[in-house]
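Here my numbering is used: the first residue of the sequence shown is 1, the next is one more, and so on.
Each residue gets a CB set at the ideal place from its N, CA and C atoms; glycine is no exception.
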Amino acid sequence: MLVAVIADTHMTGGRRSLPGRCVDLIESADLVIHAGDIMTVAALIEIEAIGTPIRAVAGNMDEWELRDRLPDETEMVLDGATIAMVHDGGAAAGRLARLRSRFPDADAVVFGHSHIPLHERRGGFQIFNPGSPTERRRAPAHAMGLARIEAGAVEFEHVVLS
């Protein structure tokens, strides 16, 4: 199973859209997961229109109508692997252990908020922040992620978009 992983798209009122390569990767995926800060219901509809099924969580910048539609966190089983998702993974210090404690049954946690790509592993557990395809802030480039999941094993990779 191929999963496109995005977060922090901050799309509002047509001012910002996903880069073409990001859209291409979403189209080729079996599922897209979005770790929050989509911003508006209209932006979610725009991503849904790409045609790939989407699972998303609410972010701190999302409008209230969107927050009413999306959970704050979720866990999903994909081809035998349990993937949890939350927008804000908290402070960098102790993050991996904290997310492991928060989602004890997960094989991996996907999160956003910082816009900074990150992938950490310890003892068969992983945390992954895809970065942002649209608003890099302090990150060196716009980025997203891909997750290849097979028979309970998850392999993440970052994709630099600019």
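Quick one, which of Arg98, Glu46 and Pro71 has its alpha-carbon nearest His10's?
Glu46
Given a cut-off of 8 Å, decide if Ala151 and Gly80 are closer than it, judged by their beta-carbon atoms.
yes
Candidates Ser101, Glu75 and Ile50: closest to Ala35 by CA position:
Glu75
Assuming Pro53 and Leu31 make a contact with CB atoms under 8 Å, what is their CB distance in whole Å?
5 Å
In chain order, each alpha helix (DSSP H) run of at least 4 residues that lies wholly inside the segment 6-70:
20-28, 41-48 and 64-69
Reference Ile33; option with closest CA among Ala153, Val160 and Arg148
Arg148
What separation, rounded to the nearest whole angstrom, lies between the Cα atoms of Ile26 and Ile50?
8 Å
Burial state of Asp107 (16 or more Cβ within 10 Å):
buried
Counting C-beta neighbours from all protein chains within 10 Å, is the total for Ala153 16 or more, i.e. buried, or is it exposed?
exposed
Straight-line gap, Ile116 to Ala139 (C-alpha atoms, nearest Å)
5 Å
Drop a sphere of 10 angstroms on the beta-carbon of Ser132, count the other beta-carbons inside from all chains shown, and report buried for 16 or more, exposed for fewer.
buried
Within 10 angstroms of its Cβ, does Ser28 collect 16 or more other Cβ (buried), or is it exposed?
exposed
Check for me: the alpha helix (DSSP H) holding Ala153 runs from which residue to which?
That residue, Ala153, is in no alpha helix (DSSP H); its beta strand (DSSP E) goes Ala153 to Val160.
Might you give, ordered along the chain, the residues of its own chain that have their beta carbon closer than 6 Å to the beta carbon of His158, omitting 5 neighbours on each side?
Pro117, Ala143 and Gly145
By Cβ distance, which residues of its chain are closer than 8 Å to Asp72, with the 5 residues on each side in sequence left out?
Val57, Ala58, Val86 and His87
In terms of residue numbering, what span does the beta strand (DSSP E) encompassing Ala81 cover?
Ala81 to Asp88
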